[in-house]
Amino acid sequence: MSTSSADLTRPDLPARKRRRRWPIVVLIIVLVLAGLTVVGDRVAAAYAEHRIASEIQKEGFGTRPDVTIYGFPFLTQVLDRHFPHGHISGRNVPVGGPLTISRIEGDARDVRVDSGFRSGTIGTVDGTATVSFGDLTKAAGEQDLSLTAAGPNTVKADVDLGITTATATAKVTKVGNQIRVHAVSVEGFPLSELGDDLDFSVPVSGLPMGLQFKSLTVSSKGVALRITGSHLKFSG
1 MSTSSADLTR
11 PDLPARKRRR
21 RWPIVVLIIV
31 LVLAGLTVVG
41 DRVAAAYAEH
51 RIASEIQKEG
61 FGTRPDVTIY
71 GFPFLTQVLD
81 RHFPHGHISG
91 RNVPVGGPLT
101 ISRIEGDARD
111 VRVDSGFRSG
121 TIGTVDGTAT
131 VSFGDLTKAA
141 GEQDLSLTAA
151 GPNTVKADVD
161 LGITTATATA
171 KVTKVGNQIR
181 VHAVSVEGFP
191 LSELGDDLDF
201 SVPVSGLPMG
211 LQFKSLTVSS
221 KGVALRITGS
231 HLKFSG
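Just so you know, the numbering used here puts 23 at position 23 of the sequence shown, and the rest follows in order with no gaps.
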């Protein structure tokens, strides 16, 4: 009786199939472990962001800000309690006096926390606090004034004079820790006709975490204040 070559190799087939399956099994295990690592990393990130935001809220934000911490893997940052880079943002932040910041956001560097995430420091913050035109005129008590952007430090203003409305151009500048708005021209009227309607200042004080007001520019959304701070502490 003759034996074919196929019959001679058949006993080896199961072993070959097992050898071929091993790389697939290993790959699946690696992918599962990688997925669990990523999920665990994001859970740790969400926990840290929530805890830090809750403590920062107590430093003048009113409501809990949004905190995002960058970098991967994140678990090593949690173990070190040191976060090199993050971002903080908040809305409708009340500051000193009648002024409200419609949006505040900043780049945070060198964030360090204690073991319970109850207190910590931020090495530096560099960001922007936006005061809407509506909030600016409200804080100044100028309810009959409507402002729109007209340049980096310029606004167009519609001033209600009672019997008519005047359109003026005004400059927006930083004077000390105040936002100053003062008219430089008006269409169809002597500038003196405006009186004090378009010459006012609004103080900026009590920014969250002791942030400092450094400069300003006018944008379509309002007056954007550049804010900075260093060695900022937060504590529950």
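Each residue gets a CB set at the ideal place from its N, CA and C atoms; glycine is no exception. All figures in this text were calculated on a predicted structure; none of them were measured in a lab.
Query, Result
"Rounded to whole angstroms, what is the Cα-Cα separation between Ile52 and Ala170?", "41 Å"
"Whole alpha helix (DSSP H) runs in the stretch 130–205 with 4 or more residues, listed along the chain?", "133–140"
"Consult DSSP for Arg91 and reduce its assignment to one of helix, strand or coil.", "strand"
"Tell me whether Pro190 is buried or exposed, calling it buried when 16 or more other Cβ atoms sit within 10 Å of its Cβ.", "exposed"
"Please work out which residues of its chain come closer than 6 Å, Cβ to Cβ, to Gly206, disregarding the five sequence neighbours upstream and downstream, and give them in chain order.", "Val95 and Gly96"
"How far does the alpha helix (DSSP H) with Thr76 in it extend, from its first residue to its last?", "Leu75 to Asp80"
"What residue range does the beta strand (DSSP E) around Glu297 cover?", "Nothing can be reported for residue 297, as the shown portion of the chain is limited to 1 through 236."
"Closer than 8 Å is the cut-off here; do at least three beta carbon pairs connect the stretch 75–84 with the stretch 176–190?", "no"
"Reducing DSSP to helix, strand and coil, say where Ser220 ends up.", "coil"
"Taking DSSP as the reference, what is the three-state secondary structure of Val125?", "strand"
"I think Val202 touches Ala139, with their Cβ atoms under 8 Å apart; what is that distance to the nearest whole Å?", "5 Å"
"I'd like to know whether the C-beta atoms of Gly222 and Leu136 end up nearer to each other than 8 Å.", "yes"
"What separation, rounded to the nearest whole angstrom, lies between the Cα atoms of Thr173 and Phe200?", "11 Å"
"Contact between the stretch 208–228 and the stretch 146–155 is defined here as three or more beta-carbon pairs at a separation below 8 Å; is this criterion met?", "yes"
"Report all residues from its chain with a CB closer than 7 Å to the CB of Tyr70; omit the five preceding and five following residues, and keep chain order.", "His85 and Gly86"
"Please name the residue in Ile227, Pro65 and Gly210 whose C-alpha comes closest to that of Leu216.", "Ile227"
"Starting from the C-beta of Ile104, find all residues in its chain whose C-beta is less than 6 Å away, skip the five residues before and the five after it, and write them out in chain order.", "Gly90, Val93 and Ala129"
"Identify the continuous beta strand (DSSP E) that holds Thr68 and give its terminal residues.", "Asp66 to Ile69"
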